[in-house]
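Residue numbers (my numbering), protein chains in the order written: chain B, 47 to 248; chain G, 68 to 221.
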Amino acid sequence: MPVCIKRYYGSGPSEVDISGGANPIGLKLKTYDGNSNETYLFNATHPVPKPTIGNKHSYTATIALYSDVLGSEIYSDPKIYSGGVPAVPSPNPNGYVAWTGAQIFVADDTNDTYTQATGVQDDSGTEMVAQGLTASKTDLLATYNSSNMKSVGLVGGVASIGPLGSAQRISKYVRLQGTLSTSCSPGSTVPATIYMRYSVTS
Amino acid sequence: MIHDWDSHYWMAKLPSGKWISAANHSSFEPIFQTATKIRIEPLSSLSAQAVLEAEVPDGYTAFLRTDRVEIVIRGPDAEQAPKLIYVMAMERGHWLEPGRIALSTVPLLDGFRAELRIFRDGHGEVDFISSDNFIYKADRDIYRFKRCKNASMH
């Protein structure tokens, strides 16, 4: 494993490599529409129901860059961005729906303190600002792209880190949360892409 | 250091005329800062056949970075995104440890930034921005970046 993206969860926290977007307990959008009248985001086991009033949220996901490359690389400039709000494809054999009423927010604040997400299972996670995880948040898909990336910061707030003596988290914690409003469409949203980019001096 | 995921590597020409490379040096070593010419070259015939080359004028600092793009969640457009970006940068001035500088904190005032973007299907694209006094010339697959007073931006 070189540098990877880890998701941190639970009280420990536990951690899992979600690089590549393939891990089902990572930030994978749910592609299941159980009863044709709800939109699900993030969590395939405990989906977020469509709200009848206001918003409902996924549990906040906490991710960071992690490296076990020892003795050779210097890291800098970690960033997160997206491929934008994806359009509904044509043809649309999977029956995807538009992102109307559905958003992925990124916390404006990043830090080195892990806090377990809270919420009510099968209903709504605690909204990230309300939980005190960040002072404010930004719509990731609508705002950050390859021309406008969000700087994440390195662990400890240093300008660069490395060469490493032992495997460790190298970026600050980044927090993401899916949010649904009453205007969301039934079905599964078009798969979106989120990237992390970082520099290596080697 | 050359990684198993690299498609390109850097070379640097020292004042003595000797070339060093990523095969046995790191660009954060002080010796790299004595280079008078730097190149980013394909590792093999399977790599995108693009070469970046720049002279390092007196009073300028050269920066090399390899940016890696990791996917957090994957949509269809992920296949069209670059996975590696070889960055060659030059800026007038002196930095104590340029290999440890976050390049995003170095304003583009008198220099250039060139990116060789390697996509998931293996093809490459070159992008270049500069202050007014650097230009590039492309000769087949070789992109040469050069100081040129009063040149226009490309």
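We put the CB at the ideal spot given by N, CA and C, even for glycine.
Listed in chain order, the non-local C-beta contacts of G:Ala79 below 6 Å within the same chain comprise Ile87, Phe99, Ala102 and Ile105, local neighbours out to five positions each way being set aside. In the pairwise beta carbon analysis, the stretch 208 to 226 of chain B is classified as not touching the stretch 129 to 143 of chain B: fewer than three pairs are separated by under 8 Å. With respect to chain B, the C-beta atom of G:Gly142 has a partner C-beta closer than 9 Å.
For the 9 Å CB-CB criterion, G:Leu170 and G:Arg184 do not form a contact. In the assembly as shown, G:Arg207 is an exposed residue. Its beta-carbon has fewer than 16 other beta-carbons within 10 Å. Contact annotation: in the stretch 132 to 149 of chain B, residues whose CB is within less than 9 Å of a CB in chain G are Pro132 and Pro135. Secondary structure at G:Gln100: helix, using DSSP grouped into helix, strand and coil.
For G:Glu137, the nearest beta carbon of chain B is closer than 9 Å to its own beta carbon. Beta-carbon to beta-carbon, B:Asp114 and B:Ala213 are separated by about 4 Å, close enough to satisfy the 8 Å threshold. Chain-order list of chain G residues neighbouring B:Thr239: Ile138, Val139, Ile140, Arg141, Gly142, Pro143, Asp144, Ala145 and Ala148, by C-beta distance under 9 Å.
Taking a C-beta distance under 9 Å as the contact criterion, G:Leu131 and G:Trp77 qualify as a contact pair. In the structure shown, G:Pro149 falls within a strand segment according to DSSP collapsed to helix, strand and coil.
Counting only runs that start and end inside the stretch 139 to 191 of chain B, the alpha helix (DSSP H) elements of at least 4 residues fall at 186 to 189. Taken atom to atom, the span from the alpha-carbon of G:Asn200 to that of G:Ile209 is near 20 Å. The beta carbon of B:Thr146 lies closer than 7 Å to those of Ser229, Cys230 and Ser231 in the same chain, with the five residues before and after it left out.
Across the structure, G:Gly160 and G:Pro174 are spaced so that their CA atoms are roughly 11 Å apart. Taking 9 Å as the cut-off, the beta carbon of B:Val49 is found no closer than this to the beta carbon of B:Val198. Non-local C-beta neighbours of B:Ser57 in its own chain, meaning closer than 8 Å and more than five positions away in sequence, comprise Gln162, ordered along the chain.
Annotation: G:Ala205 to G:Ala156 spans about 17 Å, alpha carbon to alpha carbon.
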